[in-house]
Amino acid sequence: MRKKTLQRTTRAPGLMSDLGPSRILTFLSSTSVPEPPQIIREMQPQTAISGRLVRFSTQVSGLPPPQVFWYKDSEVLSTSYNGGFLSLVIQGVGVADQGMYRCTATNELGHNSSSAQLTVEGG
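Under the UniProt record's numbering, the letters of the sequence shown match residues 1 to 123, in that order.
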């Protein structure tokens, strides 16, 4: 998320301070700028041994915070409204879990995705 800072200088005649007459006032204002989802950290391919745990991780940003969807091949696994650091954990992985996994982040300004392959050995 980006922040935009606006600085405005105003002349104010007749103001006094401990240091004497003051003629300039400076106002700083900060605001968040809406942005489409961005993938900060891409998912990485995983190779897992059958029966073990595997974790796909990614990091997303966006404003407003994106809705996040996890997919295996083209099937939706879960959704989340949490931006930031995200993980999909598969416990007791088996051959049926092998495939392409994708995390898609969506808000009204757009969408972005990260994908990675899961390979399962032994089983």
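C-beta: ideal position from N, C-alpha, C; glycine also.
All values reported here derive from a predicted model rather than from experimental measurement.
- Around F85, the same chain offers Q59 as residues with beta carbons nearer than 6 Å, after the five sequence neighbours per side are excluded.
- Here the alpha carbons of Q98 and G122 stand approximately 12 Å from one another.
- Nearest Cα to L77 within the set M100, P64, L109: M100.
- Scanning P64, T119, S113 for the CA closest to the CA of M43 turns up S113.
- In the displayed model, V33 falls within a strand according to three-state DSSP.
- Take A48, set aside five residues on each side of it, and the residues of its chain with a beta-carbon closer than 6 Å to its own are V54, V93, V120, in chain order.
- Beta-bridge analysis with DSSP links M100 to Q117.
- Each residue's CA atom was taken as its position, placing G110 and P45 some 25 Å apart.
- For Q117, the CB contacts under 8 Å within the same chain, skipping 5 residues up- and downstream, are P45, Q46, G99, M100, Y101 in chain order.
- Taking each of P65, G51, V33 in turn and checking the Cα distance to I39, the smallest one comes out for P65.
- Residue state for V68 is assigned as strand, using DSSP reduced to three classes.
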